[in-house]
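Trainee:
Protein chains in written order, with our numbering: chain A, 5 to 327; chain B, 5 to 327.
#1: Tell me, please, whether the segment 134–146 of chain B touches the segment 57–77 of chain B by the rule of three or more beta-carbon pairs shorter than 8 Å.
#2: If distances are taken between C-alpha atoms only, which option among 238(A), 273(A), 284(A), 276(A) comes closest to residue 109(A)?
#3: Quick test of your reading: residue 103(B) and residue 131(B), contact by CB under 8 Å. State the CB separation rounded to the nearest angstrom.
#4: How about residue 318(B) and residue 263(B): do their beta carbons lie closer than 9 Å?
#5: Can you tell me whether residue 62(A) is buried or exposed? The criterion is at least 16 other CB atoms within 10 Å of its CB, across all chains shown.
#6: Answer yes or no: does any C-beta atom of chain A fall closer than 9 Å to that of residue 7(B)?
#7: Pick helix, strand or coil for residue 192(A), following the three-state DSSP scheme.
#8: Just to confirm before moving on: does the CB-CB distance between residue 282(B) and residue 313(B) stay below 9 Å?
#9: If you reduce the DSSP assignment to three classes, tell me which class residue 322(B) lands in.
#10: What residues in the segment 52–67 of chain B have a beta carbon less than 8 Å from any beta carbon of chain A?
#11: Taking beta-carbon pairs under 7 Å, can you tell me which members of the segment 263–288 of chain B lie near chain A?
#12: Using DSSP bridges, identify the partner residues of residue 104(B).
#13: Using a Cβ-Cβ distance under 9 Å, would residue 114(B) count as near chain A?
#14: Could you give the DSSP three-state label for residue 21(B): helix, strand or coil?
#15: Any idea what DSSP makes of residue 280(A), helix, strand or coil?
#16: Name, in chain order, the residues that DSSP records as bridge partners for residue 271(B).
#17: Do residue 81(B) and residue 147(B) have their CB atoms nearer than 9 Å?
#18: With 16 as the cutoff for other CB atoms within 10 Å, does residue 178(A) come out buried or exposed?
#19: Taking C-alpha atoms, which residue in 227(A), 247(A), 304(A), 279(A) lies nearest to residue 204(A)?
#20: What three-state label does DSSP hand residue 253(B) in the structure shown?
#21: Mapping DSSP to helix, strand and coil, what is residue 48(B)?
#22: Roughly how many angstroms lie between the CA atoms of residue 198(B) and residue 90(B), to the nearest whole one?
#23: From the beta carbon of residue 23(B), is the nearest beta carbon of chain A less than 9 Å away?
#24: I need the boundaries of the beta strand (DSSP E) containing residue 184(B), first residue and last residue.
#25: Tell me the rounded alpha-carbon separation between residue 289(A) and residue 321(A).
#26: Hey, how far is the Cα of residue 153(A) from the Cα of residue 64(A)?
#27: Taking C-beta to C-beta, are residue 257(A) and residue 244(A) nearer than 9 Å?
#28: Under 9 Å, Cβ to Cβ, is there at least one residue of chain B near residue 159(A)?
#29: With distance defined between alpha-carbon atoms, name the residue in 79(A), 15(A), 285(A) nearest to residue 66(A).
#30: What do you get for residue 226(B), buried or exposed, if any count of 16 or more other CB atoms within 10 angstroms of its CB means buried?
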């Protein structure tokens, strides 16, 4: 299933056609108070309102719908901290494919429950002790199933790129685009889309401060691997960029910034109280970094990808209550 | 400023033209799990995503923009538990009108802060001791200002009716429409709109169980006044329907149901965890009653007005945490 070449904008266009009618064309929200504070026009692409609660459905559905029938018949295996798991489970169920999902034992309960509710078989591992890729590989060998990686796959990257492509279609060209960064599927797809549809747009990846492997990799020109970072941004606890995602990021991304957990909580509260939407910590990365730029963005048209909204209510209560 | 005749659908059409470009055309959301559980098609009209966080902006802007210039110059006074206050303050600020808002001392902090942030002067009273209408009347006499009542005014009713009118334009005819009920502005406006745009649609008002004055009034054919009800639905703590709203409700509404505070919390949690939107308790009334109908709605096309999303994060934490 792996291809060696990097995906292109044509692959994003093909992905957009495949997911049409299955994925939501998510709304773009704006906030007068944000625009006034930054002196900019800020467009929030609300992938928290995507099916299964995150952009991940785009890449998963694209990858699965691109499998040949005889491959589909043997099922798929995915490893994920949560949103990719739900996305693969839902996409597989829509396409009639059997899915097994390898999830860390400390994944949000809501994500695990939703994965099961979509019909996925869940296999649990310890995030700090086990190697999820090994477990997935063993499961796939047992059954001949295809592994659907969470980010480092051309079809996944192309699918994720449809979110930025849609945003630019919805609001027009951008001067800057802030994108959450974990393994780099969303960021590399966004960069491919922006380069084609809004040339000159600076694409900025944003990582949790505690897990800045992407920033280090970007600066030193080779993939840096770190220990599992401890951050509330559970969707960005990846240890290293992928081979495909890194190649695209180093070529097409302008900069990688970080945001602290405290900044993420502050943004969650803003989304909650002012915009009336639920955004998970990882989904706040883009806005946290954009907001920290302050008046440097004045006069610009800025896109922010709000990547997901999957958070347990107890967890949200803990995070918002601790101040 | 008071007119004696009841508003009509033509007044809603005029209101829609006046608010165009000022109010948001709010999105309609759907949920596959809700549709599966009820066997129905349910359309949520998301007025929690309206400007100032609630449908109230529609009526306030319509009423204020209909004032003559010499009347505008003397300013306006409003009394409100919260959302009408913010709505009048924002509409007044957009139209360059001076606004004084009479608010209960226990109104949500976020609502009071937002009212001030929109430029409104806030005068506080005790919900259980003072008569807010007396206070507003005195303030209006001092300055010659116009009182903008929260619901019992033809222009306010016509403005609120634009939400249901938009919903029917967005999704087509409905078999039933569930609408939160406090003083009846939203319900009577919705009933006028539905009668004109989707004849045969049953319009159902939904009150807090602890404050069912509307249900009592509807059943006995005259306005029943109750003590201030103790409920978490702070937007529906009204003591009696208005004269105009009652006349429309008795004529055009099919039924009035109630929902308990526990049901409202359950719906808030559903909106939060599954639909990723923040809805205040009052905004959950419509869905709480629709959901309680269960399979009685099977095969039907059902509208639910989600009336507002203004709730303090601490309050949300208290309500969702207590289980």
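Every residue, glycine too, gets a C-beta built ideally from N, C-alpha and C. These figures come from a predicted structure and were not determined experimentally.
Mentor: Walking through what the data contain:
#1: no
#2: 238(A)
#3: Between residue 131(B) and residue 103(B) the Cβ distance is about 21 Å, and since that is not below 8 Å, they are no contact.
#4: no
#5: buried
#6: Because residue 7(B) sits at a pLDDT of 48, beneath the cut-off of 50, its placement in the model cannot be relied upon, and the following sentence gives the value as read from the coordinates. No, because no Cβ of chain A sits closer than 9 Å to the Cβ of residue 7(B).
#7: helix
#8: yes
#9: helix
#10: 52, 53, 57
#11: 273, 276, 277, 280, 281, 282
#12: 81(B), 125(B)
#13: yes
#14: helix
#15: coil
#16: Partner(s): none; residue 271(B) has no beta bridge.
#17: yes
#18: buried
#19: 304(A)
#20: helix
#21: strand
#22: 27 Å
#23: no
#24: 180–184
#25: 19 Å
#26: 9 Å
#27: no
#28: no
#29: 15(A)
#30: exposed
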